[in-house]
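Report on one structure; see the data block that follows.
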């Protein structure tokens, strides 16, 4: 029995090594998938991959990211750290100026770093199922944003400046019971998303009902 933790760690190390090899061989170091490995920390051997464009750390046991995380991955376009135990994100996250998609849902975040406004190419932000209490007014500067999901947080208000985000196509505000004073265009986008989502779920239900077991 005593050997099992070491065996599990060896298996994890092997899996990390295997995925690093795939990253190098299949995507020339651009795409790294470290999801579902029960990682407690970002493996040190990944921090030299400065050419990474897509980093997937979803569904691990991360409580924080390395201090030098941002400077290690200057070309990052897609970052997925969903389904971890993060209570905060790197304060210099906004230095990832090529970042287009950010997945931070299902963590323990109470706020998003103000520096995120520096990610002017960010078009998708998924931050649902956290403990967010507000969204900074400065997020109105995220002019490329098309999808904003902040469902199931603890929001009470939204910055009126978000109305200026003319590229927004999808907004999900559901599950914020105390949320009031939502800008009208954001409310319309949220309602539209809710209707489309309901129709999609209903379609899946009808498709499943036609399956003969």
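Numbering (our numbering), first residue to last: 2 to 214.
The beta-carbon is built from N, C-alpha and C at its ideal position, and this holds for glycine as well.
Every value quoted in this text rests on a predicted model; they were computed, and no experiment measured them.
{"Asked": "With DSSP collapsed to three states, give me the class of residue 102.", "Found": "strand"}
{"Asked": "So residue 147 and residue 168 are supposed to be a Cβ contact under 8 Å. How far apart are they, rounded?", "Found": "5 Å"}
{"Asked": "What whole-angstrom Cβ distance do residue 37 and residue 60 have, given they're in contact under 8 Å?", "Found": "5 Å"}
{"Asked": "Within the chosen definition, does the segment 109-123 reach the segment 79-97 through at least 3 CB pairs nearer than 8 Å?", "Found": "yes"}
{"Asked": "Spatial neighbours of residue 177 within its chain, please: C-beta separation below 6 Å, excluding the five flanking residues on both sides.", "Found": "154, 156"}
{"Asked": "Alpha carbon to alpha carbon, how far is residue 220 from residue 41?", "Found": "Because the chain is modelled from 2 through 214, residue 220 falls outside the range shown and cannot be assessed."}
{"Asked": "Please report the straight-line C-alpha distance between residue 110 and residue 184, rounded to a whole angstrom.", "Found": "24 Å"}
{"Asked": "Less than 6 Å between C-beta atoms, sequence neighbours within five positions excluded: which residues of the same chain meet that for residue 206?", "Found": "Any answer about residue 206 is weak, because its pLDDT of 38 lies below 50 and its placement is not dependable; what the coordinates show is given next. Closer than 6 Å at Cβ, skipping near neighbours: no residue."}
{"Asked": "The beta strand (DSSP E) spanning residue 68 covers which residue range?", "Found": "Where residue 68 is concerned, there is no enclosing beta strand (DSSP E), given that its DSSP letter is neither H nor E."}
{"Asked": "Measuring only the C-alpha atoms, how far is residue 87 from residue 62?", "Found": "9 Å"}
{"Asked": "Would you verify that the beta carbon of residue 172 is, or is not, closer than 9 Å to some beta carbon of chain D?", "Found": "Among the chains of the structure shown, chain D does not appear; only one protein chain is present."}
{"Asked": "Assuming residue 79 contacts residue 58 (C-beta within less than 8 Å), just tell me the rounded distance between them.", "Found": "So it is not a contact: roughly 11 Å between Cβ atoms."}
{"Asked": "Return the residue from the list 173, 180, 45 that minimises the CA-CA distance to residue 193.", "Found": "173"}
{"Asked": "Residue 19: buried (16+ other C-beta within 10 angstroms of its C-beta) or exposed?", "Found": "exposed"}
{"Asked": "Secondary structure at residue 140, three-state DSSP: helix, strand or coil?", "Found": "helix"}
{"Asked": "Output the residue ranges of the alpha helix (DSSP H) runs that lie fully inside the segment 73-125 and measure 4 residues or longer, sorted by chain position.", "Found": "none"}
{"Asked": "Just tell me which of 133, 90, 188 has its CA closest to the CA of residue 66.", "Found": "90"}
{"Asked": "Please report how far the alpha carbon of residue 85 lies from the alpha carbon of residue 190, in whole angstroms.", "Found": "29 Å"}
{"Asked": "Assign residue 183 to one of three DSSP states: helix, strand, or coil.", "Found": "coil"}
{"Asked": "Going by C-alpha to C-alpha distance, which of 51, 77, 149 sits closest to residue 128?", "Found": "149"}
{"Asked": "Given that a residue counts as buried once 16 or more other Cβ atoms are within 10 Å of its Cβ, and exposed if not, what is residue 49?", "Found": "exposed"}
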